[in-house]
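Numbering (my numbering), first residue to last: 3 to 453. Only one structure is covered here, and it is reproduced in the block below.
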Amino acid sequence: MSSELASDHIKKVYQSVKKRNPNEDEFHQAVEEFFNSIEPVFEQNPSYIEQGILERLVEPDRLITFSVPWVDDNGKVQVNRGFRVQFNSTIGPYKGGLRFHPSVNSSIIKFLGFEQIFKNALTGQPIGGGKGGSDFDPKGKSDLEIMRFCQSFMSELSKYIGPDIDVPAGDIGVGAREIGYLFGQYRKMRGSFHAGVLTGKSPDFGGSLARKEATGYGTVYFVNEMLKDRNLDLTGKKVIVSGSGNVSIYAMEKAIEYGAIIIACSDSSGYIYDPNGLDLNTIKEIKEVKRGRIHAYLEKYPNAKFEAESTAIWSLSCDIALPCATQNELDESAAKQLVKNGVVAIAEGANMPSTLDAIKVFHDNNVLFGPAKAANAGGVAVSALEMAQNSSRLSWSFEEVDQKLQDIMADIYNRCIEAAEQYNSPGNLVVGANIAGLLRVAEGMITQGVI
Ligand code: GLU
Numbered sequence: 003m004s005s006e007l008a009s010d011h012i013k014k015v016y017q018s019v020k021k022r023n024p025n026e027d028e029f030h031q032a033v034e035e036f037f038n039s040i041e042p043v044f045e046q047n048p049s050y051i052e053q054g055i056l057e058r059l060v061e062p063d064r065l066i067t068f069s070v071p072w073v074d075d076n077g078k079v080q081v082n083r084g085f086r087v088q089f090n091s092t093i094g095p096y097k098g099g100l101r102f103h104p105s106v107n108s109s110i111i112k113f114l115g116f117e118q119i120f121k122n123a124l125t126g127q128p129i130g131g132g133k134g135g136s137d138f139d140p141k142g143k144s145d146l147e148i149m150r151f152c153q154s155f156m157s158e159l160s161k162y163i164g165p166d167i168d169v170p171a172g173d174i175g176v177g178a179r180e181i182g183y184l185f186g187q188y189r190k191m192r193g194s195f196h197a198g199v200l201t202g203k204s205p206d207f208g209g210s211l212a213r214k215e216a217t218g219y220g221t222v223y224f225v226n227e228m229l230k231d232r233n234l235d236l237t238g239k240k241v242i243v244s245g246s247g248n249v250s251i252y253a254m255e256k257a258i259e260y261g262a263i264i265i266a267c268s269d270s271s272g273y274i275y276d277p278n279g280l281d282l283n284t285i286k287e288i289k290e291v292k293r294g295r296i297h298a299y300l301e302k303y304p305n306a307k308f309e310a311e312s313t314a315i316w317s318l319s320c321d322i323a324l325p326c327a328t329q330n331e332l333d334e335s336a337a338k339q340l341v342k343n344g345v346v347a348i349a350e351g352a353n354m355p356s357t358l359d360a361i362k363v364f365h366d367n368n369v370l371f372g373p374a375k376a377a378n379a380g381g382v383a384v385s386a387l388e389m390a391q392n393s394s395r396l397s398w399s400f401e402e403v404d405q406k407l408q409d410i411m412a413d414i415y416n417r418c419i420e421a422a423e424q425y426n427s428p429g430n431l432v433v434g435a436n437i438a439g440l441l442r443v444a445e446g447m448i449t450q451g452v453i
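Right under this line is the structure:
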């Protein structure tokens, strides 16, 4: 097919996405990034146009929104909005995390759900794409408020999920504590123990060992693969990791294990910096145990620096930058600054942390760039391993899961490299990830017919 036909088709579908989903900027951005990569696939597979592959991919199977009423500690009733997008289940049950954050709306949930389809496909596991969450802000809430909120949220969500239907997990604001409350409520409502309905559970009741570490470790395994191709490794490298949540903490842990020096990390209140390297145990204590703010680090290390602007973290000079906080945290000017300071590699631990302009800066300057769909897929990959353990009523050792994770990350990297090569964008991991993900889902859609 002529490239004009393919590109006209892609443009037309993109215009209709914008028209049918007005004001959903993040969703448009995720679709645009994907569409920018896939023209060569449509040139080589003209049947994809007739099959309406793109039109089907951009329309979620369903978007569920619901009311989440709960009682705060003062006895006042609060109401939040809950979401679950079940985007595509061609290759497995819907799978994807829940995000509790005040910024959550249908655009955020749809961008995350859309990305999840291809991320999950890239893992090689049998999982479709979904995502959910609420505009509930867990910050400053008591443990009992969190519990009551989770119970109310699950009372409604439980109608739509199940181990072979849709399997939520964590994302920003949802960790082992929230998954525990959600699981308890689901178990009570169903009157049966369906271990595989949620992943990221405590290992005490069906959670996989190494799930907590998987997204961060996986991101660093991915970085390792990228560096290997340039005969480099992490030893002695200066690394910046934005965020200080679950992804960030375990990315730092693995990078340190590989000999890197973590010079800075952040939370939404600002970043901390120490050119001699940060002490991860202190960060874990502040974040995992005390649920505190990152500037508390200075109480133990008064010589470290704190800056009250988190995105200014990218102005520091480093070899490797791992954006692990949130969407659009790294823009064009931050990318230019990183390039000017000699950055060698970027890998996205968060979902869509780099703007489209920032990605262009990295590509134009030959910086190694690992896109979210590929680089942070280790979390959901180990979720799929958790589902496998739940189905077989077995639990694997930490080492076994970690080894599988390493193999999966290397496979994902190779899939991206091969797809990019085959479709004339050698070395471009954004193109490779989008195309490799698309091909797996599209072939499944064609084989299963129009349903
Ligand atoms: N929220 C994670 C992600 O963005 C994990 C999802 C899961 O484990 O289902 O991929």
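Backbone N, C-alpha and C define an ideal beta-carbon position, used for all residues, glycine too. As the structure is a computational prediction, the values presented were derived from the model and not from experiment.
Using the DSSP secondary-structure output, state which residues sit across from residue i in a beta bridge.
i: Glu525; result: This structure leaves residue 525 out entirely; the chain is present only between 3 and 453.
i: Phe371; result: Ile348
i: Ser268; result: Tyr273
i: Ala171; result: Gly99
i: Lys133; result: Val87
i: Ile12; result: Bridge partners of Ile12: none, in fact.
i: Gly164; result: Asp168
i: Ser356; result: Leu332
i: Val176; result: Asp173
i: Leu324; result: Val243
Candidates the options: which alpha carbon is nearest residue i's?
i: Gly439; options: Val384, Val403 and Ala379; result: Ala379
i: Tyr219; options: Asp27, Phe36, Glu350 and Lys289; result: Glu350
i: Ala257; options: Phe224, Ser9, Glu287 and Thr284; result: Phe224
i: Met191; options: Gly202, Ile163 and Gly209; result: Ile163
i: Arg86; options: Leu65, Pro95, Val73 and Tyr96; result: Leu65
i: Val241; options: Leu200, Gly209, Gly344 and Ser157; result: Gly344
i: Tyr260; options: Asn283, Gly54, Thr284 and Leu234; result: Leu234
i: Ala314; options: Asp333, Ala386 and Glu34; result: Asp333
i: Val19; options: Val346, Ile288 and Leu56; result: Leu56
i: Gln424; options: Glu45, Leu7 and Asp10; result: Glu45
i: Arg213; options: Ile285, Lys302, Ala178 and Phe185; result: Ala178
i: Met447; options: Leu407, Ala32, Gly182 and Gly94; result: Gly94
i: Leu340; options: Leu282, Ala323, Ala352 and Glu331; result: Ala323
i: Ser397; options: Ile453, Val222 and Ser204; result: Ser204
i: Glu117; options: Ile296, Glu61, Leu146 and Arg83; result: Glu61
i: Leu280; options: Glu290, Ser9 and Asn305; result: Asn305
So, does the CB of residue i fall closer than 9 Å to a CB anywhere in chain C?
i: His365; result: Annotation note: the requested chain C is absent from the structure, which comprises a single protein chain.
I'd like the span of the beta strand (DSSP E) that includes residue i, first residue to last.
i: Cys80; result: Before going further, note that residue 80 is Gln rather than Cys in the sequence given. From DSSP, the beta strand (DSSP E) with Gln80 extends over Val79 to Asn90.
i: Ile457; result: Past the edges of the chain, shown from 3 to 453, lies residue 457, and the structure says nothing about it.
i: Arg213; result: Premise fails: Arg213 lies in the alpha helix (DSSP H), Arg213 to Lys230, not in any beta strand (DSSP E).
i: Tyr96; result: Tyr96 to Phe102
i: Thr67; result: Arg64 to Val73
i: Lys240; result: Lys240 to Val243
When the Cα atoms are used, what is the spatial distance from residue i to residue j?
i: Ser356; j: Ser335; result: 11 Å
i: Thr237; j: Pro165; result: 41 Å
i: Ile361; j: Ser194; result: 47 Å
i: Asp359; j: Asp276; result: 29 Å
i: Asp137; j: Gln88; result: 18 Å
i: Phe371; j: Ser427; result: 13 Å
i: Ile419; j: Phe207; result: 38 Å
i: Gly294; j: Ala352; result: 21 Å
i: Leu300; j: Asn278; result: 14 Å
i: Gly209; j: Asp404; result: 14 Å
i: Leu59; j: Ala374; result: 19 Å
i: Tyr16; j: Leu7; result: 14 Å
i: Glu52; j: Phe400; result: 46 Å
i: Gly381; j: Glu215; result: 8 Å
i: Gly202; j: Phe185; result: 10 Å
i: Phe151; j: Val73; result: 8 Å
i: Leu200; j: Lys121; result: 18 Å
i: Ile467; j: Thr92; result: Nothing can be reported for residue 467: it is not among the residues displayed for the chain, which extend from 3 to 453.
Could you give the residue range of the alpha helix (DSSP H) that holds residue i?
i: Val291; result: No alpha helix (DSSP H) contains Val291, which DSSP labels as neither H nor E.
i: Lys342; result: Glu334 to Lys342
i: Leu318; result: Here Leu318 belongs to no alpha helix (DSSP H), and DSSP marks it neither H nor E.
i: Asp404; result: Phe400 to Gln424
i: Tyr50; result: Ser49 to Glu52
i: Ile93; result: Unbroken run through Ile93: none, as it is neither H nor E.
i: Leu59; result: Ile55 to Val60
With a threshold of 8 Å, are at least 3 pairs of Cβ atoms found where one atom belongs to the stretch 119-130 and the other to the stretch 64-83? no
Can you confirm whether the stretch 301-319 touches the stretch 258-268 when touching is taken to mean that 3 or more C-beta pairs between the two stretches lie within less than 8 Å? yes
Decide yes or no for the touch test of the stretch 98-113 against the stretch 139-146: beta carbon pairs closer than 8 Å, at least 3 of them. yes
Within the chosen definition, does the stretch 267-276 reach the stretch 308-315 through at least 3 CB pairs nearer than 8 Å? yes
Measuring CB atoms only, is the stretch 248-257 touching the stretch 395-414, in the sense that at least three cross pairs come out at less than 8 Å? no
Looking at C-beta atoms only, is the number of pairs between the stretch 166-183 and the stretch 81-101 that lie closer than 8 Å three or more? yes
Is there contact between the stretch 435-449 and the stretch 35-55, where contact requires at least three CB pairs shorter than 8 Å? yes
At a cut of 8 Å, does the stretch 109-117 reach the stretch 21-38 through at least three beta carbon pairs? yes
Within 8 Å, do at least three Cβ pairs link the stretch 383-397 to the stretch 362-371? no
Just checking, does the stretch 327-344 make contact with the stretch 228-247 on the three C-beta pairs under 8 Å criterion? yes
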